[in-house]
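The block underneath contains the structure these notes are about, expressed in structure tokens.
2 protein chains.
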Amino acid sequence: MNSPRQVVEKIIFGDYVLTMDETRPNISDGAVAIDQGRIVAVGCAHDVRGKFTSNTEYSGTDTVVLPGLVNGHTHAAMTLLRGYSDDIPLMEWLNEHINPIEAAVVSEEFVRVGTQLACWEMIRGGTTTFVDMYFFHEVAASVVDEIGIRGLISATVVDQPRNDAVDIDDQWTQANEFIQKWTSKNQHTTVRPVLGGHAIYTLNQAQLIQLRELALEYELPVHIHLAESQFESNYSKTTYGNTPINFLASIDFFDSHVIAAHVIWSTAQEIDILAHYNVGVIHNPTSNTKIASGIAPVAAYLDAGVTVGLGTDGAATNNDLDMWEEMRLAAYLQKVTKMDPTVLPAKVVLELATSKGAEAIGLGSEIGTLREGMRADVIQVDLKNAHQLPMYDVESHLVYATHASDVKRTFVDGQCLYDDGDYLTFDPKSVRRQVTLVSNTIRNCQKNLY
Amino acid sequence: MNSPRQVVEKIIFGDYVLTMDETRPNISDGAVAIDQGRIVAVGCAHDVRGKFTSNTEYSGTDTVVLPGLVNGHTHAAMTLLRGYSDDIPLMEWLNEHINPIEAAVVSEEFVRVGTQLACWEMIRGGTTTFVDMYFFHEVAASVVDEIGIRGLISATVVDQPRNDAVDIDDQWTQANEFIQKWTSKNQHTTVRPVLGGHAIYTLNQAQLIQLRELALEYELPVHIHLAESQFESNYSKTTYGNTPINFLASIDFFDSHVIAAHVIWSTAQEIDILAHYNVGVIHNPTSNTKIASGIAPVAAYLDAGVTVGLGTDGAATNNDLDMWEEMRLAAYLQKVTKMDPTVLPAKVVLELATSKGAEAIGLGSEIGTLREGMRADVIQVDLKNAHQLPMYDVESHLVYATHASDVKRTFVDGQCLYDDGDYLTFDPKSVRRQVTLVSNTIRNCQKNLY
Chain X
0 MNSPRQVVEK IIFGDYVLTM DETRPNISDG AVAIDQGRIV AVGCAHDVRG KFTSNTEYSG
60 TDTVVLPGLV NGHTHAAMTL LRGYSDDIPL MEWLNEHINP IEAAVVSEEF VRVGTQLACW
120 EMIRGGTTTF VDMYFFHEVA ASVVDEIGIR GLISATVVDQ PRNDAVDIDD QWTQANEFIQ
180 KWTSKNQHTT VRPVLGGHAI YTLNQAQLIQ LRELALEYEL PVHIHLAESQ FESNYSKTTY
240 GNTPINFLAS IDFFDSHVIA AHVIWSTAQE IDILAHYNVG VIHNPTSNTK IASGIAPVAA
300 YLDAGVTVGL GTDGAATNND LDMWEEMRLA AYLQKVTKMD PTVLPAKVVL ELATSKGAEA
360 IGLGSEIGTL REGMRADVIQ VDLKNAHQLP MYDVESHLVY ATHASDVKRT FVDGQCLYDD
420 GDYLTFDPKS VRRQVTLVSN TIRNCQKNLY
Chain Z
0 MNSPRQVVEK IIFGDYVLTM DETRPNISDG AVAIDQGRIV AVGCAHDVRG KFTSNTEYSG
60 TDTVVLPGLV NGHTHAAMTL LRGYSDDIPL MEWLNEHINP IEAAVVSEEF VRVGTQLACW
120 EMIRGGTTTF VDMYFFHEVA ASVVDEIGIR GLISATVVDQ PRNDAVDIDD QWTQANEFIQ
180 KWTSKNQHTT VRPVLGGHAI YTLNQAQLIQ LRELALEYEL PVHIHLAESQ FESNYSKTTY
240 GNTPINFLAS IDFFDSHVIA AHVIWSTAQE IDILAHYNVG VIHNPTSNTK IASGIAPVAA
300 YLDAGVTVGL GTDGAATNND LDMWEEMRLA AYLQKVTKMD PTVLPAKVVL ELATSKGAEA
360 IGLGSEIGTL REGMRADVIQ VDLKNAHQLP MYDVESHLVY ATHASDVKRT FVDGQCLYDD
420 GDYLTFDPKS VRRQVTLVSN TIRNCQKNLY
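Line order of the protein sequences matches chains X and Z.
Numbering-wise (numbering that gives the first Met the number 0), the first sequence opens with residue 0 and increments by one.
Numbering-wise (numbering that gives the first Met the number 0), the second sequence opens with residue 0 and increments by one.
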């Protein structure tokens, strides 16, 4: 007699299931069974149907199912400054455009609406986890908690005036409170608190050491901009007598798990440091090229065993939060820089956006692969649009021909957030109305600034 | 008394109308009136409404209207080989994958279905004109004529075996017949015949001179791959004793209007030649980076006054036909190569995809700008999706945040080809069925080849 089939919350089918798990990477005509936020089975549709049943089944015709994409570095609320100032030299952009407008408009409201807009865009495009760094992090966390996308929200310290803290002591206090609050909610929220340090040029050595200590105490990652620009390298040499990565190594900063964004300007010897300390390097190809910061030596990082993920950076330098574009651009830049089309093949690029990205941000044991026991952060992607026909290789197809608009369904912790046109945990029309209001304020401020 | 309003075929409204015409580039709350395939007026909605009326009006709420995009170099039918072989060294890709499969499968049927698929994708993404180079050009022209997209179809000669000609004499005969046939239909078709020469390494000097003579006789452009690879430079030096551009100049090849694709490997002195002879350079950033051919010095071309357009190349090296991605990548590559974010600003990039692209292919007096008397190749693009909110600068927005999927309507010669989900001149379901059949054949051939 057959044993009865286990009832699960939902089963997602796909013509292809890409697990990103080495042991069984690509399943034709596959399925993922999900219960209580976790993956309970991944396999051939026939096998999964044999063991599981559900009232909620998502057809897999003309789709591929894969882990949700991991956006390892962004500034979600800055989506409200999308295209605010482009094609401008970096320091002019920062000092004459972004800093003044942020001082004028960044508020709880700005961060609430901006983070909602960012979550909307990311969920639409199949991003299920993002690592955020911005002001009013408590507000960002609340939005993430409500909407149900997974967010690593940085409680960030920066030795500069800001609208959400009276001084740097207040920033440390807020960081401690934030981490304790959200850590205690751990099993009931998609919010993960992490520490943030803006950069080595906006924090001094004592502050960086304090950050490391706090990270070790809480056993949490530190999210930081690192080796992004030649300016930063020069600053580091002048101020600390060393290049940025070597300097951080010298103060044992990498004893904590570090999520390092950009990491463009590194020496061969520093690449070994990144590998040795298992620093999570987040590559941001669009931002790095658009504001002309440089091309990160990603192929060399991978050769050296560095854990690399991908990120969009904020929409003020990108100008969108589209991980598919980051995948493509990451591949193109390495191929043409090395003059070798075999560098960063599609499979590797997909890893950066999923399994390796999850490792880079310290969540490799929970997300980034479709495997029994993992959290059910899953996306289902259409394969039926003109720009996707025909298909010979599913991995190449996802990296080189798939767009954010092809994402059909987005699940986080097993909860469906986007279902083929419908958003299930927030009202995009309401977000759109609020974006219009806040952006009108921004435009008015802009007029007064110049 | 007011004069009565002129009845026109259609009026397209837009919250913004980007004319790409220097005299009046950006009209808020604008409109384009169209009659008999031509633009009869461009202006403020209020003014256009005052002078014109139509039974067919397209609302402009949350949209921008601009000239259709010009894809200056592609191989449309190769869309059937999208993702057929990626991440492979160029010569292996060509000799062991593409050439054998093309020899096995390229037929009238292949070109008919592949060109239909390419037209579908391009129309969906707002491309209104493309310059094609492939086999069975008569079939491609028939598809373009039926569907109504504008196609410059190259009657191409290449000194290699091919499935559509018995020998090179047959190729010349076919080219003459093709040009005479389609030139005579000029006023009744969107097909524009041009001459094609594959490359300086697949034609000898006498054949290239014959091509030039034919181009001068018919007063038509010659479409050619030029200075694409280091292989080509080396071949040219060995065979002709000169680099590719200098060699072509030495045989007066540029006396005809040349549409030169890629043009990556050029010296400063050759850049002056490109400018002097008004060569139309088509930049293909995705293909150039993906197969690691190199980064074309586009900023230097523009500084020298070279006319530059953009192209996707074929989907076997891209892997899509998305001009929005080409725009972005063109900007990113120049900015990061020059380490200067002001290089190739959004406005200039948009010109490459529209007005300058039209000039580069010899159609600058007919398409590429929205101006009275120009052919009505017009697109209307949505501005209401998550990744487009908010908006501060329409040009920056189009280049850095707009995707092919945001295109709402596509018009060629005033005819609406795509209307917010509906295709009006072909049946995408039928194309899809045929693509499935042909791609099954390709897969079967692939198995037999290895």
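Every residue gets a Cβ at the ideal spot worked out from N, C-alpha and C, and that includes glycine.
The alpha helix (DSSP H) enclosing residue i, as first and last residue numbers
i: Z:MET121; result: 107-123
i: Z:ASP302; result: 297-302
i: X:SER429; result: 427-448
i: Z:SER153; result: Element bounds for Z:SER153: not the alpha helix (DSSP H) but the beta strand (DSSP E), 149-156.
i: X:SER183; result: 167-183
i: X:ASP271; result: 267-275
i: Z:THR285; result: 284-289
Own chain partners of residue i with C-beta closer than 8 Å, once the 5 adjacent residues on each side are dropped
i: X:PRO243; result: ILE199, LEU225, ALA226, GLU231, SER232, SER235 and TRP264
i: X:ILE100; result: LEU80, TYR83, ILE441, CYS444, GLN445 and LEU448
i: Z:ASP61; result: ASP14, ASP381, LEU382 and LYS383
i: X:ASP271; result: ALA303
i: X:SER58; result: PHE12
i: Z:ALA352; result: LEU68, VAL69, GLY308, LEU309, MET322, GLU325 and MET326
Host beta strand (DSSP E) of residue i (start-end)
i: X:ARG37; result: 37-43
i: X:LYS407; result: 406-411
i: X:MET338; result: Neither: X:MET338 is in no beta strand (DSSP E) and is coded neither H nor E.
i: Z:ARG191; result: 190-196
i: X:GLY240; result: Segment: none, X:GLY240 is in no beta strand (DSSP E) and carries neither H nor E.
Closer than 7 Å: residue i CB and nearest the ligand ADP heavy atom
i: X:GLY240; result: Absence of the ligand ADP from the depicted structure is noted, as is the absence of any ligand whatsoever, leaving it without description.
Cβ shell of residue i (< 7 Å), same chain only, five flanking positions each side left out
i: X:MET390; result: LEU382 and HIS396
i: Z:LEU93; result: none
i: Z:GLU269; result: THR242, ILE244 and ASN245
i: Z:ASN277; result: THR306
i: X:VAL393; result: TYR15, LEU17, ASN25 and VAL63
i: Z:VAL157; result: HIS197, THR201 and LEU202
Residue from the options whose Cα sits closest to the Cα of residue i
i: Z:VAL142; options: Z:ASN439, Z:ILE294, Z:VAL278 and Z:THR424; result: Z:THR424
i: X:HIS256; options: X:ASP169, X:GLU218 and X:THR266; result: X:GLU218
i: Z:VAL280; options: Z:PHE253, Z:ARG408, Z:ARG370 and Z:ARG111; result: Z:PHE253
i: X:THR311; options: X:GLN268, X:VAL297, X:LEU301 and X:LEU328; result: X:LEU328
i: Z:ASN384; options: X:LEU194, X:ALA403 and X:ASP168; result: X:ALA403
i: Z:THR201; options: Z:ILE167, Z:GLU212 and Z:LEU309; result: Z:ILE167
i: Z:VAL430; options: Z:ASP86, Z:LYS50, Z:VAL110 and Z:ILE294; result: Z:VAL110
i: Z:GLU21; options: Z:ALA375, Z:LYS355, Z:ASP46 and Z:VAL398; result: Z:LYS355
i: X:GLU8; options: X:ARG23, X:THR336, X:ASP14 and X:GLY36; result: X:GLY36
i: X:SER228; options: Z:ASP251, Z:GLY363, Z:ASP339 and Z:SER58; result: Z:ASP339
i: X:THR188; options: X:ILE148, X:LEU207, X:THR172 and X:LYS407; result: X:ILE148
i: Z:PRO296; options: Z:HIS275, Z:LEU332, Z:GLY313 and Z:ASN318; result: Z:LEU332
i: Z:THR435; options: Z:LEU116, Z:TYR422 and Z:LEU89; result: Z:LEU116
i: X:SER2; options: X:ALA40, X:PHE51 and X:ALA32; result: X:PHE51
i: X:GLY42; options: X:ASP251, X:LEU369 and X:ASN162; result: X:LEU369
i: X:GLU216; options: X:ALA140, X:ARG161 and X:THR182; result: X:THR182
i: X:TYR133; options: X:ASP144, X:ARG161, X:LEU320 and X:ILE146; result: X:ARG161
i: X:ARG432; options: X:VAL112, X:ASN54 and X:MET77; result: X:VAL112
i: Z:ALA400; options: X:ALA164, X:ALA75, X:ASN317 and X:VAL262; result: X:ASN317
Same chain, Cβ closer than 6 Å to residue i, neighbours up to 5 away in sequence not counted
i: Z:VAL477; result: The requested residue 477 of chain Z is not part of the displayed model; chain Z covers only 0 to 449.
i: X:VAL193; result: LEU151, SER153, LEU219, PRO220 and HIS222
i: X:ALA214; result: LEU194, VAL221 and SER255
i: X:ALA463; result: This structure cannot settle anything about residue 463 of chain X, because the visible part of chain X is limited to 0 through 449.
Pairs of beta-carbons, one from the segment 314-333 of chain Z and one from the segment 271-287 of chain Z, closer than 8 Å: are there three or more? yes
At least 3 beta-carbon pairs within less than 8 Å: the segment 110-128 of chain Z vs the segment 58-69 of chain Z: yes
Residues in the segment 384-395 of chain Z with C-beta within 7 Å of chain X's C-beta atoms, listed in sequence order? ALA385, HIS386, LEU388, PRO389, MET390, TYR391, ASP392 and SER395
Please list the residues of the segment 140-152 of chain X that have a C-beta atom closer than 8 Å to any C-beta atom in chain Z, keeping them in chain order. Among the residues of the segment 140-152 of chain X, none has a Cβ less than 8 Å away from any Cβ of chain Z.
To be precise: take each residue of the segment 257-291 of chain Z, compare its Cβ to all Cβ atoms of chain X, and keep it if any distance is under 9 Å. Which residues remain? Taking 9 Å as the cut-off between beta carbons, the residues of the segment 257-291 of chain Z near chain X are PRO284, THR285, ASN287, THR288, LYS289, ILE290 and ALA291, in sequence order.
Does the segment 372-379 of chain X come close enough to the segment 114-123 of chain X that 3 or more CB-CB pairs lie under 8 Å? no
The segment 75-98 of chain Z: positions lying closer than 9 Å to chain X by Cβ: THR78, LEU79, LEU80, ARG81, GLY82, TYR83, SER84, ASP85, ASP86, ILE87, PRO88, LEU89 and TRP92
Interface residues of the segment 411-436 of chain X facing chain Z [CB-CB below 9 Å]: PRO427, VAL430, ARG431, VAL434 and THR435
Between the segment 102-136 of chain X and chain Z, which residues of the former have a C-beta closer than 8 Å to a C-beta of the latter? LEU116, TRP119, GLU120, ARG123 and GLY124
Taking any Cβ of chain Z, which residues in the segment 323-337 of chain X have a Cβ under 8 Å from it, in chain order? GLU324, ARG327, LEU328, ALA330, TYR331, LEU332, LYS334, VAL335 and LYS337
Of the residues that make up the segment 232-250 of chain X, which ones have a beta carbon closer than 8 Å to any beta carbon in chain Z? none
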